[in-house]
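Enquirer:
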Amino acid sequence: MTRRSLTGTRSRPTRAGDGPHGPWAGAAGRLRELAADVLSGLLAAAVALGVAEFVAGITGPLGSPVVAVGGAAIDMTPIPVKDFAIAHFGSHDKTALISGILVLLAVFAAVIGVLARRWLAAGLAALAVFGALGVSAALTRPAAAPADVLPTLAGVAVAAAALVILARAARGTGAPAPDTGVAGAILDGPTEGPPDKPRGGPLDGPPGAAGRPGPAPGRRRFLLAGAGAAVAAAAAGGIGDLLLRRVNVSAARARVRLPAAATTAPPVSSGTELQISGLSSFYTPNASFYRVDTDLVLPQVPPDQWTLRIGGMVGRPVELTFADLLRLPLTEADIMLVCVSNEVGGPYAGNARWLGASLPALLRRAGITRGADQVLSTSVDGMTISTPVSAVMDGRNALLAVGMNGQPLPVAHGFPARMLVPGLYGYTSATKWVTTLEVTTFAARRAYWTQRGYAAVAPIRTESRIDVPKPLAQVKAGRVPVAGVAWAPHRGIRAVQVSVNGGPWQAARLASADGIDTWRQWVWVWDATPGLHQLQVRATDGTGTTQTTRRTGVFPSGATGQDSVVVTVT
Ligand SMILES: Nc1nc2c(c(=O)[nH]1)N[C@H]1C(S)=C(S)[C@@H](COP(=O)(O)O)O[C@H]1N2
Ligand SMILES: [Mo]
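Structure below.
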């Protein structure tokens with residue numbers, strides 16, 4: 278058979294208005310042909326994802342190419358982009374990332390589809406590049422197993438077959454394929470006529486003619502192949518989803534019975550909760566507690582397989598099972614958690630009652646070697662978090678927590694066990710799904726976010742937030758409660774003040790304090806007069822330091838500045 282030259286890709290005019298070539302001739306025909314090519318690419322991609330999902334259902338969710346590529350993207354995302362994503366998409370940043378990946382994938386799939394019918398070898402090569410991307414992403418994930426390359430490999434192999442079948446079916450529609458390349462030539466096989474002649478086959482009727490009703494036979498063959506690909510993709514993906522649902526620890530979590538605390542938290546006075554509508558509750562319910570982590574798929578850690586190892590610069594390495602952990606004397610404590618990515622006035626802060634084993638007691642059992650100044654904790658997801666030894670050991674309620682607001686830890690918040698150290702931003706203290714504690718030095722080891730430029734030691738900044746009225750709210754003139762929360766974990770809040778339109782600072786009323794590791798509600802009753810007004814808030818912490826007006830971004834050690842809202846009074 279003849280091997281057409283590359284330039285043949287440009288010899289398309291032979292086909293312009295070429296009625297004899299059948300159903301897709303003319304300008305509308307070329308458009309349809311393009312649509313068929315794009316559809317071929319999209320279907321091949323769908324088949325790839327469906328088959329990959331199916332195989333991931335067997336080998337585990339981390340091998341799913343979208344998850345692996347997404348995870349790699351998260352790790353490689355420059356800090357400003359990540360901060361933008363957290364600030365603008367919030368907890369939807371992962372949905373935004375996945376959507377972005379799928380859109381990019383769709384665009385490339387369309388290009389591959391267009392390429393494949395003209396030059397199959399190039400289309401297949403582009404597909405291989407995609408496979409290589411997926412495989413290397415899967416291999417470089419910190420928690421990856423070798424089997425995590427299988428979903429991508431299987432997906433790409435099946436997509437290649439789909440692409441060949443669809444490209445052939447599309448060519449069979451009668452539209453000429455100017456160049457199918459070597460692979461195309463081989464795949465054409467000696468028994469088939471040149472692609473630019475209508476082919477005889479079981480599915481082909483006579484060549485389509487103008488005025489003939491119903492889809493032309495070539496087109497029918499393409500539509501059949503396409504529908505087959507779509508069904509295969511959906512079926513494989515659906516079964517994969519079902520298989521993946523087995524990887525779930527919610528039943529094991531429901532069976533956990535938390536023991537009573539050996540050290541209970543002091544009773545909380547009724548004055549801790551101001552009961553103002555719109556004000557953040559003193560305890561943040563688990564279901565609405567903010568979530569920040571790098572995981573596209575939540576780690577599912579069966580408690581009976583979980584262990585904690587304490588090693589590194591210690592006298593006696595310690596290993597602990599979940600049952601061992603529950604037998605330790607547990608402490609109950611109210612501690613708030615804040616993310617360094619929280620903008621002034623932002624939502625990434627919450628307060629809960631935790632139950633956990635004493636972290637300093639565990640470290641004392643292991644015996645910290647002189648000179649060690651860092652506890653580097655590692656999670657099953659590969660996250661590393663470094664915490665100063667001094668903060669863990671100075672007597673604050675540093676916990677290896679198992680309970681949150683009276684429940685076993687929710688899976689999203691670190692089930693079965695996580696670290697908590699009051700007063701430090703989450704990325705330096707709050708390791709979820711924690712499995713190892715390595716006692717080391719700051720000189721020797723750097724943790725995940727520190728490698729990306731964030732501060733190695735990061736105390737939570739003193740902050741205050743206006744919860745009500747909401748920004749741009751309309752309120753009635755008269756007595757309007759202005760209320761919110763203020764925090765300076767492990768230093769405590771001494772005062773909160775409000776200013777209207779830049780006027781004098783007025784003292785807000787503080788709710789009762791529940792220790793120094795939680796936030797504190799505050800309220801100031803405003804005698805509001807009609808017009809547009811700006812309300813601003815600032816807090817003074819237990820050391821006497823007042824929030825600065827100077828605005829800085831969240832990188833590298835947390836935002837500074839004061840929260841304000843503009844409201845209309847009518
Ligand atoms: N394993 C793991 N632990 C983690 C993280 C993570 O990405 N992976 N993120 C940290 C960050 S940045 C914060 S702010 C807190 C958030 O805890 P939460 O999701 O329970 O609110 O978890 C910390 N612990
Ligand atoms: Mo964070």
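The numbering of the sequence shown is my numbering, which starts it at 278 and goes up by one.
All residues carry an ideal CB built from backbone N, CA and C; glycine is no exception.
#1: CA-CA distance, P833 and D794?
#2: What whole-angstrom Cβ distance do V688 and G633 have, given they're in contact under 8 Å?
#3: Note down, one range per segment and in chain order, each beta strand (DSSP E) of at least 3 residues found wholly within the stretch 566-604.
#4: Taking 9 Å as the threshold (C-beta atoms), are L585 and W631 in contact?
#5: In terms of DSSP beta bridges, what is A772 paired with?
#6: Is it the case that the Cβ atoms of R738 and A707 are separated by a distance below 9 Å?
#7: According to DSSP, which residues form a beta bridge with P685?
#8: Could you tell me the alpha carbon to alpha carbon distance between A506 and Y625, rounded to whole angstroms?
#9: For P781, which residues does DSSP report across the bridge?
#10: Can you name the start and end residues of the alpha helix (DSSP H) that G691 belongs to?
#11: Please list, in chain order, all residues with a C-beta atom less than 6 Å from at least one heavy atom of ligand 1.
#12: Evaluate contact between the stretch 515-530 and the stretch 756-772, counting only Cβ atoms and requiring at least three cross-stretch pairs below 8 Å.
#13: In or out: V844 buried (at least 16 other Cβ within 10 Å) or exposed?
#14: So, at 6 Å on beta carbons, what are the nonlocal neighbours of G478 in its own chain, with the 5 sequence-adjacent residues on each side left out?
#15: Kindly give me the distance between the Cβ atoms of V773 and V814, rounded to whole angstroms, as I take these residues to be in contact under 8 Å.
#16: Regarding S317 and ligand 2, is the C-beta to nearest heavy atom distance less than 8 Å?
#17: Whole angstroms is fine: what's the gap from V842's alpha carbon to T664's?
#18: In this structure, does DSSP put E620 in helix, strand or coil?
#19: Examine ligand 2 and report whether any of its heavy atoms sits within less than 8 Å of the Cβ of Y625.
#20: Where are the beta strand (DSSP E) runs, 3 residues long or more, that stay fully inside the stretch 703-753, in chain order?
#21: With 16 other CB atoms within 10 Å as the buried threshold, where does R445 fall?
#22: Rounded to whole angstroms, what is the Cα-Cα separation between G691 and L440?
#23: Ends of the alpha helix (DSSP H) at S376?
#24: Tell me the DSSP secondary structure of G808 in three-state form.
#25: What do you reckon, is the C-beta of S834 under 8 Å from a heavy atom of ligand 2?
#26: Does DSSP classify T646 as helix, strand or coil?
#27: Please say whether G808 and L573 have beta carbons closer to each other than 9 Å?
#28: Cα-Cα, which of V831, V802, W801, A790 is closest to D818?
#29: Q582: buried (16+ other C-beta within 10 angstroms of its C-beta) or exposed?
#30: Within 9 Å (strictly less), CB to CB, does M353 reach chain B?
#31: For ligand 2, is there a heavy atom less than 8 Å away from the beta-carbon of S618?
#32: Within the continuous beta strand (DSSP E) that includes G337, where are the two ends?
#33: Which residues in the same chain as L701 place their Cβ atom closer than 7 Å to its Cβ, once the five residues preceding and following it in sequence are excluded?
#34: Could you check whether A513 and E330 sit closer than 9 Å to each other, using their CB atoms as the reference points?
#35: Would you mind sorting A362 into buried or exposed? The rule is 16 or more other CB atoms within 10 Å of its CB.
#36: For my contact list, A333 and G327 are in at a C-beta cut-off of 8 Å; report their separation, rounded to the angstrom.
Expert: In this structure, then:
#1: In a straight line, the C-alpha of P833 is about 23 Å away from that of D794.
#2: Not quite, the Cβ-Cβ distance comes to about 17 Å (not below 8 Å), so this is no contact.
#3: If you keep only unbroken beta strand (DSSP E) runs of at least 3 residues inside the stretch 566-604, you get 584-589, 595-598.
#4: Cβ atoms of W631 and L585: not closer than 9 Å.
#5: Note: A772 is bridge-paired with T817 in the DSSP secondary-structure output.
#6: Between R738 and A707, the gap from beta carbon to beta carbon reaches 9 Å or more.
#7: Listed as beta-bridge partners of P685 by DSSP are G680.
#8: A straight-line Cα-Cα distance of about 43 Å links A506 and Y625.
#9: The secondary-structure analysis by DSSP pairs P781 with nothing; it has no beta-bridge partner.
#10: Secondary structure note for G691: it is in no alpha helix (DSSP H), with a DSSP letter that is neither H nor E.
#11: These are the residues, in chain order, with a beta carbon less than 6 Å from any non-hydrogen atom of ligand 1: F566, Y567, R568, V569, D570, T571, L614, C616, S656, D658, M660, H690, G703, Y704, A707, T708, K709, W710.
#12: No, the stretch 515-530 does not touch the stretch 756-772.
#13: By the 10 Å Cβ count, V844 comes out buried.
#14: With a pLDDT of 35 at G478, under the threshold of 50, the modelled position of that residue is not reliable, and the figure given next carries that caveat. If we look at G478 and ignore the five residues flanking it on each side, it has no Cβ neighbours.
#15: Contact flag correct, Cβ pair sits at about 6 Å.
#16: The answer is no for S317.
#17: So the two alpha carbons sit approximately 35 Å from each other.
#18: Coil at E620, not helix or strand.
#19: Checking the Cβ of Y625 against ligand 2 gives yes.
#20: Within the stretch 703-753, the complete beta strand (DSSP E) runs of at least 3 residues are 711-717, 740-745.
#21: Taking a 10 Å sphere around the C-beta of R445, we find 16 or more other C-beta atoms and assign the residue as buried.
#22: Those two C-alpha atoms are separated by around 42 Å.
#23: S376: member of the alpha helix (DSSP H) spanning 370-395, first to last residue.
#24: The answer is strand: DSSP assigns G808 an E or B state.
#25: No.
#26: Note: T646 maps to coil in three-state DSSP.
#27: Not closer than 9 Å, so no.
#28: The alpha carbon of D818 has as its nearest neighbour, out of V831, V802, W801, A790, the alpha carbon of A790.
#29: When all chains shown are included, Q582 counts as exposed.
#30: No chain B is part of this structure, which consists of one protein chain only.
#31: S618: yes, Cβ under 8 Å from ligand 2.
#32: Segment: none, G337 is in no beta strand (DSSP E) and carries neither H nor E.
#33: If you ignore the 5 residues before and after L701, its C-beta comes within less than 7 Å of the C-beta of T664, A668, A735, P736, I737, all in its own chain and listed in chain order.
#34: By the CB criterion at 9 Å, E330 and A513 fall inside the cutoff.
#35: Counting Cβ neighbours within 10 Å, A362 comes out buried, since at least 16 surround it.
#36: Incorrect: roughly 11 Å between the Cβ atoms, too far for contact.
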